[in-house]
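According to our numbering, the sequence shown holds residues 127 to 357 in order.
The beta-carbon is built from N, C-alpha and C at its ideal position, and this holds for glycine as well.
Note that the structure is predicted; figures quoted are calculated from it, not measured.
Reviewing the structure listed below.
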Amino acid sequence: MANEAHGRGEGVGLGSSSLDLSTSLERSVQTRIFKIIVIGDSNVGKTCLAFRFTGGSFPAKTEATIGVDFREKAVEIEGERIKVQVWDTAGQERFRKSMVEHYYRNVHAVVFVYDVTKMASFENLKTWIQECNGHRVSASVPRVLVGNKCDLVDQIQVPSNMALKFADAHNMLLFETSAKDPKESQNVDSIFMCLACRLKAQKSLIYRNVEREDGRVRLNQEPNPKTSCPC
Ligand SMILES: Nc1nc2c(ncn2[C@@H]2O[C@H](COP(=O)(O)OP(=O)(O)OP(=O)(O)O)[C@@H](O)[C@H]2O)c(=O)[nH]1
Ligand SMILES: [Mg+2]
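Okay, here's the thing in C-alpha cells:
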C-alpha cells in the first residue's frame with residue numbers, strides 16, 4: 127500500500143485543465159479509481175474514519191466538513207494497483223446541500239456511518255438511505271454500514287443485534303469499529319478494502335483500449351474477469 131492524496135472540493139473537479147486530460151486518462155488505463163462516499167449524520171466520525179484509512183492515524187482535531195473532502199489511497203489487490211478515492215461528505219445540511227448531486231455522481235460504493243453512542247444517528251440512517259436511493263444509486267452499488275466510536279464502551283446505545291438486523295434488511299455488511307482506537311485500525315482498513323475487493327470483482331470501471339480519433343481520446347469499458355473477494 128502506498129500513496130495518499132488529499133484535497134477539498136466545494137465545486138468538485140478532481141481533474142483540472144483539459145491539457146491534463148490526456149495524461150490523466152492514460153494513467154487511468156493503468157490504475158482504476160474507485161469512488162467511495164462516506165455518508166451519515168454530523169459528528170459520527172466520517173472524517174476520522176476516512177483519515178484513519180488514508181492517513182493511518184486519528185486526527186488530533188477535526189472540524190465539521192464543509193462540502194466534501196477528498197482523500198485517496200493507492201492499494202494493491204491481487205497484483206493490481208487501485209486508487210481508492212474516499213469522498214468524506216458533510217453531515218450538516220447547511221454544508222452539504224449544494225454538493226449532494228456531486229457526491230452521488232458515478233459513485234462506486236457507499237459507506238453509511240452512525241455513532242454507536244447516539245441512537246438518533248442510527249435512526250437517521252433511513253433518511254440517508256432514502257437520499258442515496260433518490261439519487262438513482264443503482265442497487266448493484268455495494269453499500270456497507272459502519273457503527274463508529276466502539277471505544278466508548280460505557281456509552282453504547284445501539285446494540286449490535288439491532289444494527290445487524292438493519293444491515294441484513296438493507297443487504298449491507300456491518301462493521302462496528304473505532305476510528306480512534308489504534309487496535310481497530312485494521313478493521314477500519316477492511317471496510318474500504320472489502321469494498322475495493324468487491325468492486326474489483328465486479329465488471330465495470332476498467333478502461334482499456336484508449337483510442338484516439340481525430341485527436342480525441344475515447345475510452346472503451348470492458349468487463350473485468352471475476353476475482354474472488356476475501357470478505
Ligand atoms: N471516542 C471516539 N471519538 C471519535 C471517533 N471518531 C470520531 N470521533 C470524534 O467525534 C467528533 C466528530 O468526528 P468527525 O470525524 O469530525 O465527524 P464527521 O462525521 O466527519 O462530522 P461532519 O463533518 O460534521 O459530518 C470528533 O471530536 C472526533 O474526535 C471514535 O472512533 N471514537
Ligand atoms: Mg467530517
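Closest option to ARG220, judged by alpha-carbon separation, among SER286, LYS291, SER168 and GLU302: SER168.
For the pair MET245 and GLN156, the Cα-to-Cα distance works out to about 44 Å.
Residue side-chain check: ASN287 keeps its Cβ at 7 Å or more from all non-hydrogen atoms of ligand 1.
Nearest to ILE282 by alpha-carbon distance, out of SER304, VAL267 and ILE203, is SER304.
In the three-state DSSP reduction, PHE318 falls in the helix class (H, G or I). Under DSSP, LEU271 forms a beta bridge with PHE238 and LEU300.
According to DSSP, residue pairing for THR215 in a beta bridge involves VAL194.
The C-beta of VAL279 has fewer than 16 other C-beta atoms within 10 Å across all chains shown, which makes the residue exposed. Rounded to the nearest whole angstrom, the CA to CA distance from PRO268 to CYS174 is 21 Å.
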